[in-house]
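J.:
In our numbering, the protein residues as written are 1419 to 1689.
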């Protein structure tokens, strides 16, 4: 693994003139953030050694380097999911490469189904914590001390100072910004009404099929993490609506202006 991380990071170094300290993982329908960047370089996943390739509609499959909010960042336009058949090491490999490149802060975003009764379709939720229901932890197996400690703490997986910044921005801009716990599941099926209710009872506010593995690895690597979910559908025992993937993408795209505003303003606040 260490050799693969180095090989991939060295390849990326050879393709860009500047290295980022901030990275953003763009989820379903949220690739519009890249349209607001002053792009300096793009690399297709197909061309990157050891990189998986995104197979999901709405995930473009590019690394983008450029300026946003006055900061030079690296954006993943398209991520990898456990349900695509990748193992957890492959799903989280890009986060390992980010760390090798010098990334210190990671922003993650996703589309999620909401079970909090206060949520509406199109809401943006700041992730305050998560519940991991994936069948495998990405840190399972041999631990490399070069990458992080054997038993990393997850008590502040999503940094409070970044959440506070987001709240201040939302107040100043008059943005509706929700808070909640994200439940990570393997997918690819959408949840049954009973599952939505179960996730709500155990403390979840939104559920999705990504993010948790990357956040675990980012914390293992000592990065500061901030997460956002777009609530693209609602579920529970009193709701019989069945979303399609296309509708999820459309709802995420409608919420994109709020996402772009938050992330851009957050970037401008980072030292």
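The C-beta atom is built at its ideal place from N, Cα and C for all residues, glycine as well.
Pick helix, strand or coil for residue 1429, following the three-state DSSP scheme.
T.: helix
J.: Could you name the residues of the same chain whose beta carbon sits closer than 6 Å to that of residue 1480, not counting the 5 residues immediately before and after it, in chain order?
T.: 1460, 1462 and 1495
J.: Just confirm the distance between the C-beta atoms of residue 1575 and residue 1633, as a whole number of angstroms; I'd bet it's less than 8 Å.
T.: 6 Å
J.: Could you tell me which residues DSSP pairs with residue 1621 in its beta bridges?
T.: According to DSSP, residue 1621 bridges with nothing at all.
J.: Quick check on DSSP: helix, strand or coil for residue 1459?
T.: strand
J.: Give the C-beta separation of residue 1537 and residue 1681 to the nearest angstrom, bearing in mind that I take them to be a contact with Cβ-Cβ under 8 Å.
T.: Between residue 1681 and residue 1537 the Cβ distance is about 20 Å, and since that is not below 8 Å, they are no contact.
J.: For residue 1434, I'd like the list of residues in its chain whose CB is within less than 7 Å of its CB, leaving aside the five on either flank, ordered along the chain.
T.: 1459 and 1483
J.: If you run the structure through DSSP and keep just helix, strand and coil, what is residue 1421?
T.: helix
J.: Quick one: what's got a C-beta closer than 6 Å to residue 1556's C-beta in the same chain, skipping five residues either side?
T.: 1506, 1510, 1631, 1634 and 1635
J.: Answer yes or no: do residue 1654 and residue 1613 have a C-beta to C-beta separation smaller than 7 Å?
T.: Between residue 1654 and residue 1613, the C-beta gap is not smaller than 7 Å, which leaves the two residues out of contact.
J.: Which same chain residues, not among the five before or five after residue 1520, have their C-beta less than 8 Å away from its C-beta?
T.: 1437, 1438 and 1439
J.: Touch check for the region 1532 to 1552 and the region 1598 to 1609: three-plus C-beta pairs under 8 Å?
T.: yes
J.: Quick check on the DSSP output: the alpha helix (DSSP H) that includes residue 1550 runs from which residue to which?
T.: Where residue 1550 is concerned, there is no enclosing alpha helix (DSSP H), although the beta strand (DSSP E) it sits in stretches over 1542 to 1550.
J.: At what residues does the beta strand (DSSP E) containing residue 1465 begin and finish?
T.: Neither: residue 1465 is in no beta strand (DSSP E) and is coded neither H nor E.
J.: Have a look at the DSSP bridge pairing and note the partners of residue 1527.
T.: 1646
J.: I'd like the span of the beta strand (DSSP E) that includes residue 1669, first residue to last.
T.: Careful: residue 1669 lies outside any beta strand (DSSP E), inside the alpha helix (DSSP H) at 1663 to 1672.
J.: Pick from 1598, 1442, 1643 and 1564: whose alpha carbon is nearest that of residue 1579?
T.: 1643
J.: Which residue's Cα is closest to the Cα of residue 1637: 1524, 1683, 1432 and 1508?
T.: 1524
J.: Classify residue 1627 as helix, strand or coil using the three-state DSSP reduction.
T.: In the structure shown, residue 1627 sits in coil (DSSP, three-state: anything other than H, G, I, E or B).
J.: For residue 1464, tell me which candidate among 1453, 1431, 1426 and 1488 has the shortest Cα-Cα distance.
T.: 1426
J.: With a threshold of 16 other CB atoms inside 10 Å of the CB of residue 1469, please say whether the residue is buried or exposed.
T.: buried
J.: Have a look at residue 1594 and residue 1518 and give me their C-alpha separation to the nearest angstrom.
T.: 36 Å
J.: To which residues does DSSP link residue 1492 through a beta bridge?
T.: Looking at the DSSP output, residue 1492 bridges to 1441 and 1483.
J.: Could you name the residues that DSSP lists as bridge partners for residue 1600?
T.: Partner(s): 1548 and 1624.
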